[in-house]
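Just so it is clear: in the sequence shown, position 6 is 1203 by the numbering used here, and no numbers are missing. Note that beta-carbon positions come from the ideal geometry of N, C-alpha and C, so glycine has one too. Just below is one structure, and these are the notes that go with it.
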Amino acid sequence: MNTLLLAASFLEVRPGLIFWTLITFALVFFVLRWKAWGPILSLVEEREKQIANAIESAKKERAEAEKLLADQKTAIAEARREAAEMMRKNQQDVEKYREELMAKSRKEAEEFKAQARREIEDQKAKAIAEVRSMAVDLAMEVAGKLISERMDDAKHRALAEQFVKGLPAPASNPSTRA
1198 MNTLLLAASF LEVRPGLIFW TLITFALVFF VLRWKAWGPI LSLVEEREKQ IANAIESAKK
1258 ERAEAEKLLA DQKTAIAEAR REAAEMMRKN QQDVEKYREE LMAKSRKEAE EFKAQARREI
1318 EDQKAKAIAE VRSMAVDLAM EVAGKLISER MDDAKHRALA EQFVKGLPAP ASNPSTRA
């Protein structure tokens, strides 16, 4: 029963209590507005400025980071281009060097070939001279037997050389002689 009385006292309207509650509320409201509302608003405004500054700073840092990223991308592209250019130039240098070596090798081969031809011609001339000398000696022997008179060596040699000069000249192309 006690609880019923207590519950009924809460539901009961008391005009005096309402009046003093409103006065107390208004008094607390004005005191809080006068003493607490200003500092709270200034703290909120200061915090708002800090957040705005942080946002602005973040925007600037982001713009700077994007600029640095673009610069790095440009530098990377430039480095790749330079590397490709260096590779192309190196390849050209290698090709040029290879061509120079090939030309030098061809030139040396031609020189060896020309030297070999000269040596062959020299040996051929020596062989022809030796064959002519042998032909002269043979002609002198034959002439000595045929003439039956004895000539001195100078007459024999002159006669043989005249005979050899009358012989047809050998062909200069070795493939036609075989």
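{"query": "Local Cβ density within 10 Å of VAL1225, reported as buried at 16 or more and exposed below that", "result": "exposed"}
{"query": "As assigned by DSSP and simplified to three states, the class of VAL1210", "result": "coil"}
{"query": "For LYS1362, three-class secondary structure by DSSP", "result": "helix"}
{"query": "Spatial distance of TRP1231 from GLY1213 (CA atoms)", "result": "27 angstroms"}
{"query": "Burial state of VAL1210, where buried means 16 or more other Cβ atoms lie within 10 Å", "result": "exposed"}
{"query": "Segment contact, 8 angstroms Cβ cut-off, at least three pairs: the region 1328 to 1337 with the region 1293 to 1302", "result": "no"}
{"query": "Cβ pair ALA1357, MET1337 closer than 8 angstroms", "result": "yes"}
{"query": "Length of the line joining the Cα atoms of PHE1222 and PRO1236", "result": "20 angstroms"}
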